[in-house]
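Enquirer: Can you read through this structure? Questions will come right after.
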Amino acid sequence: MPLRLLLALCVTSWSLGEGTDQQLPSCQEVIGTNGSSSAQCYLMTGKIREKAPAELDEDPADGSDEDSYPSLAEYKEEEFRDLRSHAKMKPFTDEDAAKLRLFCFAWTTRSDNDEALMPYARRLFNACHGHGFFTDMDAPGDDGAGDIVRVHVPPASVEPHGEGWLLNQNMIGLAPAWSKMFEMGVPAKYDWAVNLELDHFFIPSRIRRTIIDYLELLRTGTKMEVASLERPLMFAWGNAFLFDSRMMKLMSEHWGDIAKPITSDDGKGCPEMILERATQLGACQQDMAYPLMVRMLKKRSKLPLKMYGMSGCNSVPEAPPLFPLSCWQSTTETWPDARLALVEILAKVSTKATVEEAKAYCEEKVPKDVYEPNHGPAVNGDLCAQLWRARNVPIMHLFKNVEIHELGARLYLHSPEF
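In the numbering used here, the protein residues as written are 71 to 488.
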């Protein structure tokens with residue numbers, strides 16, 4: 071199955087892979103060659119699920135009518151295929167998932183805590199095809215690892231690296247980080263970019279597999295969901311966000327306008343895409359900015375864009391499309407010992423074959439004082455069922471200290487899937 075070959079990134083001290091500028095062939099060309107399916111072509115089965123509830127087919131941003139979306143026939147771009155000629159496609163496989171090239175990135179102020187976590191985060195990010203840790207030009211720290219990328223950060227209401235600098239305002243740093251990624255050609259070199267944080271513990275192979283699971287659900291969904299596979303895609307996985315190459319390309323075309331920094335005192339430095347929230351609350355977190363960005367791009371591009379996924383870790387949809395859980399975090403964030411215990415229990419539960427086996431393990435093996443005394447119940451069947459649901463989760467959140475990162479490394483870094 072031919073794949074888009076990579077361009078080498080010509081950035082000093084960077085090593086993000088080698089390749090050429092050969093373009094990915096169209097899906098029709100690929101299928102005509104060998105009749106196989108490819109995750110990169112977003113092949114669809116044509117099996118349409120019953121129409122989802124109306125609220126799922128409506129964009130709350132502007133109340134536009136989804137029925138007014140252009141038909142597939144109106145999208146004539148070279149890589150798009152005729153749905154009718156591929157009514158019977160095999161399910162995506164782990165081999166399809168393995169072909170997806172990920173660029174993983176995070177913003178860091180290089181605070182003392184960030185620097186303590188960096189060696190642990192770097193081991194995870196190194197498992198992506200390319201990665202970068204973006205920071206400002208004047209940040210402290212050694213750049214010898216070759217994956218620190220410095221960018222010019224616009225003035226904010228707090229002096230750089232002063233107390234509270236970029237607190238709840240990380241889009242002030244991420245906006246110029248995206249500009250740098252566009253300069254580096256990330257949209258052309260990678261299939262997906264993944265915006266993570268240093269307190270995430272993640273397994274890249276699971277990220278690729280979960281992307282494929284999302285695509286599988288969309289291609290067997292409603293007509294609107296099937297059609298969305300031919301448009302720029304963005305997924306929300308808790309407070310991590312994923313952007314396909316077409317979404318990144320669309321972002322780059324409008325970035326100079328929607329990411330222009332606010333210059334007024336209220337919300338100073340935040341990008342224009344989150345103007346109202348920034349000026350009213352002085353906040354521009356990425357988990358608030360990215361959904362607004364999709365709405366803004368929808369209006370500017372006239373494309374019926376839609377963000378799929380759930381904001382907030384542990385969130386699961388209550389109606390189709392029933393995407394798998396993509397982000398998990400312990401609900402005992404104020405009780406460090408319990409959080410460590412739950413991470414270890416999750417790893418054990420993930421080795422069980424059925425939910426019944428998982429519950430039996432919890433009942434027989436898990437200490438009854440997993441929670442600190444007087445703070446809550448021990449692990450019960452309900453919580454164990456929640457951990458079972460999270461057994462293959464690609465991203466875990468609130469790994470905020472060295473101890474829990476070390477535990478994650480001990481539990482997962484030596485597994486065959488990493």
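Backbone N, C-alpha and C define an ideal beta-carbon position, used for all residues, glycine too. These numbers were taken from a predicted model, which means no experiment stands behind them.
Would you report the Cα separation of Asn-238 and Gln-456, rounded to the nearest angstrom?
Expert: Taking the straight line from one Cα to the other gives about 29 angstroms.
Enquirer: Below 8 angstroms between beta carbons: does that hold for Met-358 and Gln-399?
Expert: For Met-358 and Gln-399, no; Cβs fall outside 8 angstroms.
Enquirer: Suppose only complete runs of 3+ residues qualify. What are the beta strand (DSSP E) ranges in the segment 291–320, listed by chain order?
Expert: Listed in chain order, the complete beta strand (DSSP E) runs (minimum 3 residues) inside the segment 291–320 are 304–307 and 310–314.
Enquirer: Pull up the CB-CB distance for Val-256 and Met-317, whole angstroms please, since I reckon it's below 8 angstroms.
Expert: Their Cβ separation, rounded to whole angstroms, is 12 angstroms, which puts Val-256 and Met-317 out of contact at 8 angstroms.
Enquirer: So, helix, strand or coil for Ser-85, using DSSP?
Expert: Note that Ser-85 scores 35 on pLDDT, short of 50, meaning its location in the model is unreliable; the coordinates nonetheless yield the value given after this. In this structure, Ser-85 counts as coil in the three-state DSSP scheme.
Enquirer: Can you tell me where the beta strand (DSSP E) with Cys-174 in it begins and where it stops?
Expert: Per DSSP, Cys-174 belongs to the beta strand (DSSP E) from 172–177.
Enquirer: Measuring straight from C-alpha to C-alpha, what distance separates Leu-477 and Ser-334?
Expert: The alpha-carbon atoms of Leu-477 and Ser-334 are separated by roughly 45 angstroms.
Enquirer: For the putative contact between Val-472 and Ala-215, defined by C-beta atoms under 8 angstroms, what is the C-beta separation to the nearest angstrom?
Expert: Contact flag wrong, Cβ pair sits at about 18 angstroms.
Enquirer: Would Thr-280 and Ser-396 qualify as a contact pair, given that the criterion is a beta-carbon distance under 8 angstroms?
Expert: Yes, the pair counts as a contact, with Cβ atoms nearer than the cut-off.
Enquirer: Kindly indicate the opening and closing residues of the alpha helix (DSSP H) around His-475.
Expert: It spans 472–482 - the alpha helix (DSSP H) in which His-475 sits, taken as one unbroken run.
Enquirer: Counting only the same chain and skipping the five closest in sequence on each side, list residues whose C-beta sits under 6 angstroms from that of Glu-330.
Expert: The question names Glu, yet the displayed sequence has Lys at residue 330. Correct list, in chain order: Glu-342.
Enquirer: So who's on the other strand from Tyr-378, going by DSSP bridges?
Expert: Bridge partners of Tyr-378: Phe-305.
Enquirer: Quick check on Val-386: buried or exposed, where buried means 16 or more other Cβ atoms within 10 Å of its Cβ?
Expert: Under this definition Val-386 is an exposed residue.
Enquirer: Between which residues of its own chain and Asp-184 is the CB-CB distance below 8 angstroms, once the five residues before and five after are set aside?
Expert: Excluding positions up to five away in sequence, the list reads Thr-178 and Leu-268.
Enquirer: Between the Cα of Glu-229 and the Cα atoms of Arg-301, Ala-197 and Ala-209, which residue gives the shortest distance?
Expert: Looking at the Cα atoms, Ala-209 is the closest of the given residues.
Enquirer: Could you please give the first and the last residue of the uninterrupted beta strand (DSSP E) stretch that includes Met-251?
Expert: Note, Met-251: premise wrong, no beta strand (DSSP E); alpha helix (DSSP H) at 241–254.
Enquirer: Does the segment 252–266 touch the segment 306–316, meaning 3 or more C-beta pairs lie closer than 8 angstroms?
Expert: Touching, per the Cβ criterion.
Enquirer: Below 8 angstroms CB to CB, which residues in the same chain sit around Ser-249 once its five sequence neighbours on both sides are set aside?
Expert: Val-221, Trp-325 and Ala-329, listed in sequence order.
Enquirer: Would you decide whether Arg-409 is buried or exposed? Buried here means 16 or more other CB atoms lie within 10 Å of its CB.
Expert: Buried.
Enquirer: Straight-line CA distance for Asn-384 to Ser-371?
Expert: Asn-384 and Ser-371: Cα-Cα distance of roughly 32 angstroms.
Enquirer: How long is the line joining the alpha carbons of Pro-361 and Phe-162, rounded to whole angstroms?
Expert: The alpha-carbon atoms of Pro-361 and Phe-162 are separated by roughly 28 angstroms.
Enquirer: Taking just the CA atoms, how far does Glu-346 sit from Ala-479?
Expert: C-alpha separation (whole angstroms): 41 angstroms.
Enquirer: Taking Gln-399 as part of the alpha helix (DSSP H), name the residues at either end of that continuous run.
Expert: Segment 397–399 is the beta strand (DSSP E) holding Gln-399; no alpha helix (DSSP H) there.
Enquirer: Hey, quick one: how far does the alpha helix (DSSP H) through Thr-349 stretch, first residue to last?
Expert: Where Thr-349 is concerned, the enclosing alpha helix (DSSP H) stretches over 345–351.
Enquirer: Between Asp-206 and Val-219, which are expected to be in contact by the criterion C-beta below 8 angstroms, what is the C-beta distance as a whole number of angstroms?
Expert: With a Cβ gap of about 10 angstroms, Asp-206 and Val-219 do not count as contacting.
Enquirer: Are the Cβ atoms of Ala-428 and Val-419 separated by less than 8 angstroms?
Expert: Contact: yes.
Enquirer: Taking C-alpha atoms, which residue in His-199, Asn-240 and Glu-165 lies nearest to Arg-180?
Expert: Considering only alpha carbons, the answer is Asn-240.
Enquirer: Across which residues does DSSP place Trp-262 in a beta bridge pair?
Expert: According to DSSP, Trp-262 bridges with Leu-172 and Asp-314.
Enquirer: Indicate the three-state DSSP secondary structure (helix, strand or coil) for Arg-276 in the structure shown.
Expert: Helix, per DSSP.
Enquirer: Hey, would you say Ala-306 sits closer than 8 angstroms to Gly-379, going by beta carbons?
Expert: Taking 8 angstroms as the Cβ cut-off, Ala-306 and Gly-379 qualify as a contacting pair.
Enquirer: According to DSSP, is Gly-326 part of a helix, a strand, or is it coil?
Expert: Three-state DSSP puts Gly-326 in a helix.
Enquirer: Between the alpha carbons of Ala-430 and Ala-168, how many angstroms are there, rounded?
Expert: Rounded to the nearest angstrom, the two C-alpha atoms are 34 angstroms apart.
Enquirer: Whose C-alpha, out of Arg-278, Pro-390, Phe-203 and Asp-336, is nearest the C-alpha of Thr-290?
Expert: Considering only alpha carbons, the answer is Pro-390.
Enquirer: Are there any heavy atoms of the ligand FAD lying less than 7 angstroms away from the beta-carbon of Ser-322, as far as the coordinates show?
Expert: Ligands displayed in this structure: none; no statement on the ligand FAD is therefore possible.
Enquirer: With H, G and I counted as helix, E and B as strand and the rest as coil, what does DSSP make of Arg-365?
Expert: In the structure shown, Arg-365 sits in a helix (DSSP, three-state: H, G or I).
Enquirer: Can you give the Cα-Cα distance for Arg-151 and Pro-486, rounded to whole angstroms?
Expert: For Arg-151, the predicted structure reports a pLDDT of 31, less than 50, and the residue's modelled location is therefore unreliable. A value from the coordinates is still provided. Distance between the alpha carbons of Arg-151 and Pro-486: 35 angstroms.
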